[in-house]
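Numbering of the first sequence is given in the working numbering, commencing with residue 5 and proceeding in unit increments. Just so you know, even glycine gets a beta-carbon here, dropped at the ideal spot from N, CA and C.
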Amino acid sequence: MIDIPKTYDPKQAEQNHYERWEAAGFFAPEINKDPNAPVFSIVMPPPNVTGSLHMGHALQHTMMDVLTRYKRMSGFRTLWLPGMDHAGISTQLMVTRQLKKEGLTRHDLGREKFEERVWNWKQEYGGQILNQIRREGASVDWSREQFTMNENLSRAVRECFVRLYDEGLIYRGNRIVNWCPNDQTVLSDLEVLREPQKGKLYYLRYPFKDGTGSITVATTRPETMLGDTAVAVNPDDERYQSLIGKILVLPIMNREIPIVADDFVESEFGTGAVKVTPAHDPNDYEIGERHNLEQVAVIDQYARMTEAAGPEFAGLDRYQARELVVEKLEALELLEKVVDYEFAISKCERCKTVLEPLISTQWFCRMEPLRDLALAKLREDGKPQFVPAVPYEKVYSDWLENLRDWTISRQLWWGHQIPAWYKNDSEVIVARSREEAVEKAGTDQLTQEQDVLDTWFSSALWPFSTLGWPEKTEDLATFYPTSVLITARDIIFLWVSRMVMTGLKFMSREPFADVYVTGTVLDKHGQRMSKTKGNGIDPLEVFDKYGVDATRLTLASVGSTDTRWSERQVESYRNFANKIWNAARFCLLNSGGAETVTEPFAGDAASLPLHDRWILSRLNKTARDVERQLGQYDFHGVVQTLYHFFWDDFCDWYIELSKATITSETDSPERNIARARLLSVLEQSLRLLHPFMPYLTEELWQRLPVQHSRLLHQAYSGVEPTIMLASYPHCDDALVDDRAEADMDSVIELISRVRNIRAEMSIKPGEQVTVLIRGLRQVLPAFETNSAQIERLTRGKVVIQDGQEVPRASARAVLSGGVEVAVPLEGLIDFDVERARLSKEKEKLEKESGKLATQLGNADFVARAPVEKVDELRARMTEIARQQTALDQNLEALS
RNA sequence: GCCCGCUUGGCUCAGCGGUAGAGCACUCGCUUCACACGCGAGGGGUCAGAAGUUCGAAUCUUCUAGCGGGCACCA
């Protein structure tokens with residue numbers, strides 16, 4: 005006999021299959037031999053090379069894998085392309101830290117050696133996550149794996165840069181930017197973290213030059229006053245109107261600065277007068293532009309005071325300078341007051357250092373023309389379609405509308421070096437290569453721009469650069485645009501929108517039809533999981549404890565809403581996996597002879613036993629629901645559908661109803677057919693489940709005594725059989741049988757009610773009872789033909805009555821359709837208990853009929869509600885009345 | 001400050017205009033020949049609060065409260 009353990013061991017199944025799948029090339033689209041196959045493609049959001057698997061990844065990958073496996077089994081030419089991002093700042097930080105341990109800085113090595121070092125680091129530590137992705141069971145095509153720093157992708161980056169530059173969309177300019185004094189690089193607006201900060205608001209008095217008094221300004225950063233070149237007031241502020249144009253003497257510096265009028269100033273805030281430091285504040289910078297103010301840089305790239313701040317301050321750290329400024333102003337009696345104040349401070353997203361706004365020469369990308377492409381696409385074609393549409397479509401379009409130029413240069417060594425060369429240190433030549441630059445410049449006396457590009461610049465090209473762009477490759481023609489992007493909401497701006505813009509610009513097509521935005525897995529207190537909080541759950545540990553498949557079900561059911569992590573949930577899906585295992589175990593233990601039956605459901609469906617017609621109907625409806633729900637990215641819904649079909653319909657009822665025939669000791673054609681049918685339903689269920697539970701389903705499928713090769717989708721015929729490439733079950737409408745379902749519902753109701761009587765009357769489990777059934781002629785056949793099953797599941801002898809008397813000492817139940825059930829319990833029945841039980845039933849019905857009566861008595865309802873609704877309620881009312889009558893008679897019989 | 005989301009049984013979540021659902025937890029009974037990670041039978045919610053629209057609202061509208069998130073140039 006077959007030896008199958010009673011408990012499912014996920015580890016074993018996990019070890020058994022992935023390598024084989026990968027080695028056999030099952031993940032690659034080439035496995036599909038149908039030249040007319042529809043195409044399904046996804047590019048994996050490239051995780052950072054510095055990263056390791058976290059819940060967010062596991063969540064997204066599960067959903068991507070579910071869709072990929074589903075489409076692959078449905079015969080699509082399917083590509084899920086994996087890869088990694090070089091993650092400029094993060095990676096450089098990582099390697100810099102490693103160097104620091106050796107007492108070195110990157111400058112000790114020099115740029116070339118440093119880059120080499122990063123590549124070595126990548127070789128050694130980078131990409132751990134790739135093996136973790138394998139563990140998840142992700143069916144990605146490793147033969148197409150990409151890395152943003154690969155030569156082909158770097159080439160795409162240069163091509164993109166040159167084209168945008170030639171069109172005037174990329175330019176070099178001197179502007180105020182977000183500067184990280186720690187990482188020594190500029191950052192884009194999206195890489196800035198805004199954090200609330202408790203601080204102080206300092207009120208400083210600036211005297212008029214003519215000695216007639218002073219004006220008071222409020223600031224959170226007094227040290228910047230050293231670089232002030234004006235004070236601004238609102239032009240409509242009556243308090244200050246007469247002072248506009250007046251000259252002040254900037255304390256400490258003794259610089260003469262004007263009072264200017266600018267709409268930016270809010271009269272209500274502070275004193276209504278603002279000190280203006282164009283070199284160190286983005287707003288002041290703009291005021292400065294409007295009023296042609298001098299920019300005095302008093303803070304340098306290390307956040308230290310410059311010579312321009314004066315000899316006493318030069319070289320001081322910005323916070324030391326703050327103290328000294330305050331001290332001096334106090335001494336001069338120009339510090340009016342200091343109040344506690346909470347405000348938002350800008351920090352570096354990576355290293356959390358407080359940023360310093362600085363004026364600096366950087367490369368920028370003009371976004372308006374690109375933005376317009378994206379907005380037009382959304383408005384005209386509704387692409388990409390966000391799921392859920394609310395709120396993400398609006399979040400996306402609102403952001404696009406307010407888009408500002410993108411700072412694309414970074415003062416890093418790790419990244420794509422900007423393809424610009426300087427001739428005589430001034431003239432700029434932008435070219436795809438040094439050779440091209442030399443040709444354009446007419447000299448080889450060129451130095452390349454030292455800056456690299458923002459990591460997101462290369463990510464923005466990911467959906468087409470990974471497929472070969474700018475070459476016109478077959479992959480590009482086949483797989484672009486991709487089908488769907490699955491991502492977390494925090495990179496809609498950083499990444500999603502930029503892919504759309506570059507995709508439309510360079511490919512003239514949106515990069516993906518749909519964007520599915522996943523929910524977030526929160527900790528049990530509802531907090532986001534984060535490294536700094538240390539409240540993250542490691543998916544790999546969950547895999548170890550509960551198995552990959554159970555974890556995948558848990559994650560899939562998160563769907564698009566934020567969900568608190570609950571280990572109990574995983575546990576229940578672990579139990580589900582075990583349930584599947586044991587159902588299969590039962591089928592296998594009772595499979596002898598089944599293999600002789602090739603078409604277990606062949607012939608006229610109407611002639612099948614009720615439970616067979618019923619399970620086929622349920623199975624096909626399930627396939628239909630799954631298809632619909634997956635089409636809507638309703639991952640939570642699909643998991644529920646599959647869970648309940650398998651556990652409730654298949655295990656609780658179909659297996660139980662089949663047992664009588666299947667477990668028969670003697671070999672017979674009936675037994676073999678029943679066994680084959682059971683196996684067939686199990687086998688199809690495994691296929692339905694496979695996208696969610698790849699390991700368990702493959703493990704079991706391989707063990708089934710079925711003709712595996714015949715189950716493969718035709719696009720894969722001839723390959724070594726695997727459930728991965730078996731045909732995904734689709735609904736066959738001919739097998740949906742509402743009549744069978746209704747009949748089966750009656751049988752289930754009957755069995756449940758008898759079981760209820762047994763439990764309530766405390767009938768011993770082993771004790772046989774008699775089940776008397778009477779009712780209208782049309783409902784009885786279902787009970788008649790299934791009496792053997794009913795007897796088995798109720799441990800009762802079924803007697804279909806023809807108007808015979810029911811013994812007084814019976815427990816009774818009234819079923820829908822007016823069916824009455826009685827279980828004679830002479831000597832066992834407690835009449836009081838039974839009367840109470842029936843009275844409770846009656847109360848329930850009375851409550852409902854009361855409600856219905858009110859509703860049906862409402863003339864407005866009858867007049868305005870849809871006819872079908874009214875009819876439905878009337879039918880229900882009739883049904884209740886019938887049951888009430890029967891209950892009354894039963895109660896009477898008991899008295 | 002502006003915008004958005006969430007608030008359903010003890011817990012985690014579905015449902016989103018027509019008699020309140022699931023899993024876990026809980027109660028009772030079961031070593032019933034696949035499974036105690038199980039089987040059978042139960043108990044438990046005025047769907048955050050208020051007002052409104054509607055014949056009818058957990059479901060639509062408005063407001064309030066609590067929680068969470070995004071955006072923002074208030075020095």
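Counted within 10 angstroms of its Cβ, other Cβ atoms place Gln688 as buried (16 or more) or exposed: buried
Euclidean distance between Cα positions of Met5 and Gly597: Residue confidence for Met5 is low, a pLDDT of 45 falling below 50, so the modelled location carries little weight; the figure read from the coordinates is stated next. Each residue's Cα considered, the two are about 13 Å apart.
Gly635 in three-state terms, based on DSSP: helix
Identified DSSP bridge partners for Lys351: Leu197, Val358
Three-state class that DSSP yields for Arg436 in the structure shown: coil
C-alpha distance - Ser94 paired with Lys37, whole-angstrom precision: 42 Å
8 Å contact criterion, which Thr774 and Gly800 should meet: CB distance rounded: 6 Å
Best match in Thr486, Trp418, Asp429, Pro604 for proximity to Glu119 [C-alpha to C-alpha]: Trp418
Distance CB(Asp232)-CB(Leu254) smaller than 9 Å: yes
Simplified DSSP state of Asp288, which is helix, strand or coil: helix
Any 3 or more C-beta pairs closer than 8 Å across the stretch 316–331 and the stretch 371–386: no
Whole-angstrom distance between Ser246 and Thr565, CA atom to CA atom: 57 Å
Proximity of His694 and Ala719 at Cβ, strictly below 9 Å: no
Where Ser45 falls: helix, strand or coil (DSSP): strand
For Val47 and Phe80, believed in contact at Cβ under 8 Å, the rounded distance: Not confirmed; about 16 Å, so no contact.
Lys202, DSSP secondary structure in three states: strand
Cβ-Cβ separation, Ala160 to Pro474 (assumed contact under 8 Å), whole Å: 6 Å
6 Å CB neighbourhood of Gln132 in its chain, flanking five on each side removed: Ser56
DSSP bridge partner residues for Met88 (one or two, in chain order): Phe151
Other residues of its chain near Val99: CB distance less than 7 Å, five sequence neighbours each side excluded: Arg121, Val122, Trp125
Check whether Ala744 and Phe650 have beta carbons under 9 Å apart: no
Pair within 9 Å by beta-carbon distance, Leu842 and Asn894: yes
Inter-residue spacing [alpha-carbon to alpha-carbon] between Met881 and Ile777: 23 Å
Residues that Ala222 bridges to, as DSSP identifies them: Tyr207
Residues that Asn978 bridges to, as DSSP identifies them: Past the edges of the chain, shown from 5 to 899, lies residue 978, and the structure says nothing about it.
DSSP-derived helix/strand/coil call for Ser56: coil
Neighbourhood of Val783 by C-beta distance below 7 Å, restricted to the same chain and skipping five residues each side: Ser750, Gly821, Val823
8 Å contact criterion, which Phe696 and Val70 should meet: CB distance rounded: 6 Å
Outcome for Val394 when other beta-carbon atoms lying within 10 angstroms are tallied against a minimum of 16: exposed
For Leu457: DSSP bridge partner residues: Ser413
Assigned exposure category for Cys917 - 16 Cβ within 10 Å defines buried: This structure cannot speak to residue 917, because the chain is shown only from 5 to 899.
Runs of alpha helix (DSSP H) wholly within the stretch 244–315 (minimum 4 residues, chain order): 286–295
From Gly92, Asn594, Glu163, Gly779, residue whose alpha carbon lies closest to that of Glu669: Asn594
Burial state of Leu336 (16 or more Cβ within 10 Å): exposed
Touch test, the stretch 576–585 against the stretch 547–564, Cβ-Cβ under 8 Å, three pairs minimum: yes
Same chain, Cβ closer than 7 Å to Tyr210, neighbours up to 5 away in sequence not counted: Ser218, Ile219, Val221, Val235, Leu252, Leu254, Pro255
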